[in-house]
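Engineer: Please see the structure below; I have some questions.
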Amino acid sequence: MDLYEYQAREIFQQYGIAVPEAETADTAREARHAADRLGGRVIVKAQVKTGGRGKAGGVKLATDPAAAELTARHILGMDIKGHTVRKVMLAQPVDIDAEYYASYALDRAAGRFLAIASAHGGMDIEEVAATRPEAVTRIPVDPAEGVTPTTAAAIATAAGLPPTTAPALQRLWQILTKEDALLVEVNPLVRATTGDILALDGKITLDDNARFRQTRWGDSARTHDDPLEATAAAKGLNYVRLDGEVGVIGNGAGLVMSTLDVVAGCGARPANFLDIGGGASAQVMADGLTVVLADPGVRTVLVNVFGGITACDAVADGIVKALETVRLTKPLVVRLDGNNAARGRAILDARAHPLVQQATTMDGAARRAAALATDAAAV
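The sequence shown: position 79 = 97 (our numbering), numbered continuously.
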């Protein structure tokens, strides 16, 4: 369950983390009135459940209420990475002295949480993490011990953040544990010229298993701005759209996450996360392939299945079934291993679709999918 930024800031305020004064608006006219109440000069921010809003033009400074109305009219209805903007948030500007990054995320593999912080926050944090990994500090957090004032101070010191950020770091941990969150992120966490520490943006992902305790958000936390995610949700699929070109389908969250990493290691970007589950039927496979192929950014699709509860021949049947209803115009690389793998491979061989290729290993399949995506981009 992802929250919108304006919902995340409500939680930040509840836990004593300072945020700029702000209001939300569903129309350009409402935005004008909100800007007037906030003092005239405001930041107009698209409310969508995806990153990259600033670079996409979804975050703009408006100098007065009239400009806020015009800016909101431009932003409302925008498509940002497949997400339609239906609401904007208007916030009072802040004079910034320094920008930082801070988050807590669940590390499933290690059975603990991870504190991630950097003295180089802002829109380019992903580039910083990729090109200067040493500038991003990652510190394991024992769930039983949590983040004490001493721990928060240690995280701040290790990341090069000023000591005044430690209280916010501890409160972010309290949000993570008390609000059933899997991710709590602030980018940027800023030091204003006044010396105050404020959260200028926020992202919170709540645990779906805790929905019964998070009823205050109603259906808003479960809505999908992305039409493909909405379509997938209606079909009961565990699908998250990403920004890459290689569509990924697998059975089991761990296998899919590993596949994403392997694809990235081959020099390509995953276009999505799609877990068809441990007992997927041919229909589920067909539905999943249909959704992934509907993404215009996908240049090739990688199906990586290890047969256990899900038999590989059922997966192969699903692929064949999808090919009967979907016109395949992009290469499809399939790796089947485990239960009934030989039978599944034989089914695909018999179908002999010219755009379907098979690989025997995950690494080999990822390399082939990445190469095909690169070839498609060069055409």
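Heads up, the beta-carbon is just placed ideally off N, CA and C, and yes, glycines get one too. Treat the numbers as computed from the prediction; the structure is a model and nothing was measured.
Give me the Cα-Cα distance between R91 and V60, rounded to the nearest whole angstrom.
Structural biologist: For the purposes of this step, residue 91 is taken as residue 73 along the sequence shown, with counting starting at 1. For the purposes of this step, residue 60 is taken as residue 42 along the sequence shown, with counting starting at 1. When rounded, the distance between both Cα atoms is 15 Å.
Engineer: Quick one: residues in its chain with C-beta nearer than 7 Å to the C-beta of A377, no 5 flanking neighbours on either side, listed in chain order?
Structural biologist: Your numbering for residue 377 matches position 359 in the sequence shown. These residues qualify, in order along the chain: V351, R353, A383, R386.
Engineer: Name, in chain order, the residues that DSSP records as bridge partners for G356.
Structural biologist: Taking the first residue of the sequence shown as 1, we reach residue 356 at position 338. In DSSP, G356 forms a bridge with G325.
Engineer: Per DSSP, what kind of secondary structure is I35 in: helix, strand or coil?
Structural biologist: Taking the first residue of the sequence shown as 1, we reach residue 35 at position 17. Reduced to three states, the DSSP call for I35 is coil.
Engineer: For the alpha helix (DSSP H) that L190 lies in, which residues bound it at each end?
Structural biologist: Against the sequence shown, residue 190 aligns to sequence position 172. Segment 184 to 196, the alpha helix (DSSP H) holding L190.
Engineer: DSSP state of Y118, grouped into three classes?
Structural biologist: As a first step, residue 118 must be located in the sequence shown, where it is residue number 100. Correct three-state label for Y118: strand.
Engineer: For R189, I'd like the list of residues in its chain whose CB is within less than 7 Å of its CB, leaving aside the five on either flank, ordered along the chain.
Structural biologist: Within the sequence shown, numbered from 1, the residue matching residue 189 stands at position 171. Close CB contacts of R189 within its chain, under the 7 Å cut and outside five residues either way in sequence, are with Y33, G34, I35 (chain order).
Engineer: If you check the beta carbons only, do M107 and T45 fall under 8 Å apart?
Structural biologist: Your numbering for residue 107 matches position 89 in the sequence shown. Your numbering for residue 45 matches position 27 in the sequence shown. In this structure, the beta-carbon distance from M107 to T45 does not fall below 8 Å.
Engineer: Please name the residue in L260, V374, T89 whose C-alpha comes closest to that of K67.
Structural biologist: As a working mapping, residue 67 is identified with position 49 in the sequence shown. The shortest Cα separation from K67 among L260, V374, T89 belongs to L260.
Engineer: Pull up the DSSP beta-bridge partners for V374, would you.
Structural biologist: On the sequence shown, residue 374 is found 356 positions in, with the first residue counted as 1. V374 is bridged to L350.
Engineer: Just to confirm my understanding: we take A239, look at its own chain, exclude 5 residues before and 5 after, and list those with CB closer than 6 Å. What are they?
Structural biologist: Position 221 of the sequence shown, counted from the first residue, corresponds to residue 239. Any reading at A239 needs caution, since the residue's pLDDT is 49, under 50, leaving its predicted position unreliable; the model's value is listed next. So the qualifying residues of the chain are M19, L21.
Engineer: Can you say whether P83 is buried or exposed, counting buried as having 16 or more other CB atoms within 10 angstroms of its CB?
Structural biologist: Indexing the sequence shown from 1 puts residue 83 at position 65. P83 should be labelled buried.
Engineer: Name the one or two DSSP bridge partners that P288 has.
Structural biologist: On the sequence shown, residue 288 is found 270 positions in, with the first residue counted as 1. According to DSSP, which records beta bridges pairwise, P288 is partnered with V264.
Engineer: Cα-Cα, which of L292, G220, T277, G213 is closest to A250?
Structural biologist: In the sequence shown, counting from the first residue as 1, residue 250 sits at position 232. When only C-alpha atoms are compared, the closest one is L292.
Engineer: Grouping DSSP H, G and I as helix and E and B as strand, with all else coil, what is K63?
Structural biologist: Position 45 of the sequence shown holds residue 63. Correct three-state label for K63: strand.
Engineer: Bridge partners of T175, per DSSP?
Structural biologist: Here residue 175 corresponds to residue number 157 of the sequence shown, with the count starting at 1. The partner list for T175 (beta bridge, DSSP) is empty, contrary to what the question assumes.
Engineer: Note down, in chain order, each residue of its chain lying with its Cβ closer than 7 Å to the Cβ of G178, except the 5 sequence neighbours on either side.
Structural biologist: Translated into the one-based positions of the sequence shown, residue 178 becomes position 160. Exclusion of the five residues before and after G178 leaves A137 as the residues of its chain whose Cβ lies within less than 7 Å of its Cβ.
Engineer: Counting only the same chain and skipping the five closest in sequence on each side, list residues whose C-beta sits under 7 Å from that of P161.
Structural biologist: Counting from 1 along the sequence shown, the entry for residue 161 is found at position 143. Cβ within range, chain order: R130, F131.
Engineer: In three-state DSSP terms, what is H51?
Structural biologist: Here residue 51 refers to the residue found at position 33 when the sequence shown is read from its first residue. H51: helix per DSSP, three-state reduction.
Engineer: Residues in its own chain within less than 7 Å of G139 by CB, not counting five upstream and five downstream?
Structural biologist: Translated into the one-based positions of the sequence shown, residue 139 becomes position 121. The beta carbon of G139 lies closer than 7 Å to those of E117, Y118, Y119, N205, P206, L207 in the same chain, with the five residues before and after it left out.
Engineer: Shortest alpha-carbon distance to M380 belongs to which of A360, D355, R363, G362?
Structural biologist: Reading the sequence shown from its first residue, position 362 is the one you call residue 380. The residue with the shortest Cα to Cα distance from M380 is D355.
Engineer: Taking C-beta to C-beta, are R71 and K78 nearer than 8 Å?
Structural biologist: Walking along the sequence shown from the start, residue 71 turns up at place 53. Walking along the sequence shown from the start, residue 78 turns up at place 60. K78 is positioned such that its CB atom lies no closer than 8 Å to that of R71.
Engineer: Quick one: is G262 buried, meaning 16 or more other Cβ sit within 10 Å of its Cβ, or exposed?
Structural biologist: For the purposes of this step, residue 262 is taken as the residue at position 244 of the sequence shown. The residue is buried, with at least 16 neighbouring Cβ atoms inside 10 Å.
Engineer: So, for A128: in the same chain, excluding its five sequence neighbours on each side, which residues have a beta-carbon less than 8 Å away from its beta-carbon?
Structural biologist: Position 110 of the sequence shown holds residue 128. Excluding positions up to five away in sequence, the list reads P158.
Engineer: Quick check: the Cα distance between Q301 and G283, rounded to an integer number of angstroms?
Structural biologist: As a working mapping, residue 301 is identified with position 283 in the sequence shown. As a working mapping, residue 283 is identified with position 265 in the sequence shown. Between Q301 and G283, the C-alpha separation is close to 31 Å.
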